[in-house]
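Asker: Going by my numbering, the first residue of the sequence shown is number 253, and it counts up by one from there.
By construction, the Cβ of each residue, glycine as well, lies at the ideal position given by its N, Cα and C atoms.
As the structure is a prediction and not an experimental result, all values here were calculated from the model.
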Amino acid sequence: MTDANQTPEVEIADAVTGNWVDRFAPLRARPFLRLSRADRPIGTWLLLLPCWWSLALAMLHTGRASLFDLWIAIGCAIGAFLMRGAGCTWNDITDRDIDGSVERTANRPIPSGQVGVRKALVWMALQSFLALLILLTFNSNAVLLGVLALLPVAIYPFAKRFTWWPQVFLGLAFNWGALLAWTAHTGTLGWPAVVLYVAGIAWTLFYDTIYAHQDVEDDALIGVKSTARLFGDATPLWLRYFMVATVCLLGLAVILAGINANVLALVVALGGPWAMGWHLAWQQRGFDAEDGTKLLRLFRSNRDAGLIPLPFFAVALFV
């Protein structure tokens, strides 16, 4: 039963079953948390993992670690949650008419009428402000990079209207933490972070092409562009290209970051991209454009794929 003044609960198509928002969050807060995708944590992971890769490689590069690096790791985690939420809120504001025409997204808070645009804008501003407070604890160059990150975040929702490659713009936004975390540790931006950033973009092209295949029919009807529509039946081949690019570029970033480390540490760290590559290969082999449930499962598995390099990087720091 719902109160006469409350919007009825609706099911979100790709929410995690039994997620904490549906189980524990106050009723009034649930539409806003769903607007931020708090019931779908995979996006926060995909935003956070390049930050942690970069921080680990920055420590390998400088040969030092401190308690402040622990704060960088924690701050990036909180910031990823907040900025992913703000970005998703902005995305849903700009896409409110499109989302209402797509079966998978029609029940999102704005098109379903649970949250109005004005309240969504206030919610987005609040999340952004809290993220800014965390950012201001970092050095000035990192703060500048954090502010510049707003540019690709602002552009991304419009990309599918003018290019067949909106996943590139998502990659530019989602992997910015690779630049920021490196700079937060070292004080300056370096080539290893730039190469790592490009590796992350290739990874985003891989996983978001898989994700976009869930909507190809609806997207075709309303004229929304994506790499999934562009590649069509050739998608498995393109996934292989993106997989190889991800592994090779991530490996190059490791080499550039660890060029002054001992040989054993470098070899251990290079095990990270290699092991991640096996996971991506498993995803590529399991790709089935006709199975929406499997597509979502493969997409979500990229949390595990992105976590794989971290133990290798961590061990390399102590070798």
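Nearest-angstrom Cα distance between D321 and P363?
Answerer: 41 angstroms
Asker: Going along the chain, which unbroken runs of the alpha helix (DSSP H) with 4 or more residues stay wholly within the stretch 467-517?
Answerer: 468-474, 479-483 and 487-509
Asker: Counting only the same chain and skipping the five closest in sequence on each side, list residues whose C-beta sits under 6 angstroms from that of N554.
Answerer: Apart from sequence neighbours up to five positions away, the residues of its chain that approach N554 with a beta-carbon distance below 6 angstroms are Y459, ordered along the chain.
Asker: Taking its Cβ as the centre, do 16 or more other Cβ atoms sit within 10 Å of L489, making it buried, or is it exposed?
Answerer: In the assembly as shown, L489 is an exposed residue. Its beta-carbon has fewer than 16 other beta-carbons within 10 Å.
Asker: Does DSSP put D255 in a helix, a strand or coil?
Answerer: Low confidence applies here, because D255 scores a pLDDT of 41, under 50, leaving its location unreliable and the question unanswered by this model.
Asker: Under 6 angstroms Cβ to Cβ from A358, same chain only, skipping five residues before and after it: list those, please.
Answerer: Closer than 6 angstroms at Cβ, skipping near neighbours: G352.
Asker: Could you tell me which of V567, G558, A566 and T545 sits nearest to R356, measuring between CA atoms?
Answerer: T545
Asker: With a cut-off of 8 angstroms on the beta carbons, I'd call T314 and H437 a contact; round off their distance for me.
Answerer: 7 angstroms
Asker: For A425 versus Y408, is the C-beta spacing smaller than 8 angstroms?
Answerer: yes
Asker: Cα-Cα, which of L532, W434 and R282 is closest to I560?
Answerer: L532
Asker: Helix, strand or coil for D540, going by three-state DSSP, please let me know.
Answerer: coil
Asker: Looking at C-beta atoms only, is the number of pairs between the stretch 365-378 and the stretch 290-300 that lie closer than 8 angstroms three or more?
Answerer: With a cut-off of 8 angstroms on Cβ pairs, the stretch 365-378 is not in contact with the stretch 290-300, counting fewer than three such pairs.
Asker: Just verifying my parser: in three-state terms, what is the DSSP assignment at F551?
Answerer: helix
Asker: Report the rounded CA-to-CA distance for N257 versus F276, giving the unit in angstroms.
Answerer: The predicted position of N257 is uncertain, since its pLDDT is 43 and thus under 50; a value taken from the coordinates is nonetheless stated next. So the alpha carbons of these two residues sit roughly 20 angstroms apart.
Asker: Exposed or buried, which one is L307 when buried takes at least 16 other CB atoms within 10 Å?
Answerer: Around the C-beta of L307, 16 or more other C-beta atoms lie within 10 Å, and the residue is accordingly described as buried.
Asker: Throw me the rounded Cβ distance for the W455 and L508 pair, which I believe falls under 8 angstroms.
Answerer: A Cβ-Cβ distance of about 18 angstroms is found for the pair W455 and L508, leaving them out of contact under the 8 angstroms criterion.
Asker: Measuring straight from C-alpha to C-alpha, what distance separates G523 and L491?
Answerer: 21 angstroms
Asker: Give, in chain order, every unbroken run of the alpha helix (DSSP H) that is at least 4 residues long and sits entirely within the stretch 421-464.
Answerer: 429-438 and 443-464
Asker: By how many angstroms is the C-alpha of N343 removed from the C-alpha of I324?
Answerer: 27 angstroms
Asker: When the Cα of A451 is compared with those of G529, M376, I345 and M335, which residue comes out closest?
Answerer: G529
Asker: I'd like the list of long-range same chain contacts for P563, defined as Cβ closer than 7 angstroms, with 5 residues on each side in sequence excluded.
Answerer: none
Asker: Return the residue from the list A445, A541 and A406 that minimises the CA-CA distance to L422.
Answerer: The shortest C-alpha to C-alpha distance from L422 to any of A445, A541 and A406 is the one to A406.
Asker: Skipping 5 residues on each side, what residues in its chain have a beta carbon closer than 7 angstroms to that of L388?
Answerer: V395
Asker: Considering only the beta carbon of each residue, do V268 and A290 sit closer than 8 angstroms?
Answerer: no
Asker: The alpha helix (DSSP H) with A332 in it runs from where to where?
Answerer: L319 to T346
Asker: In terms of residue numbering, what span does the alpha helix (DSSP H) encompassing Q379 cover?
Answerer: V369 to L387
Asker: Tell me which residues share the same chain as R552 and place their Cβ nearer than 6 angstroms to its Cβ, disregarding the 5 neighbours each side in the sequence.
Answerer: I294
Asker: State the start and end residues of the unbroken alpha helix (DSSP H) segment that holds T296.
Answerer: I294 to T314
Asker: For the alpha helix (DSSP H) containing G365, name the first residue and the last one.
Answerer: Per DSSP, G365 belongs to no alpha helix (DSSP H) and is neither H nor E.
Asker: Please work out which residues of its chain come closer than 7 angstroms, Cβ to Cβ, to R282, disregarding the five sequence neighbours upstream and downstream, and give them in chain order.
Answerer: Its chain contains V273 as the residues whose beta carbon lies nearer than 7 angstroms to that of R282, once the 5 sequence neighbours on both sides are disregarded; these appear in chain order.
Asker: A517 to S318, Cα distance in whole Å?
Answerer: 19 angstroms
Asker: Taking only the alpha-carbon atoms, compute the straight-line gap between G339 and M376 and give it to the nearest angstrom.
Answerer: 8 angstroms
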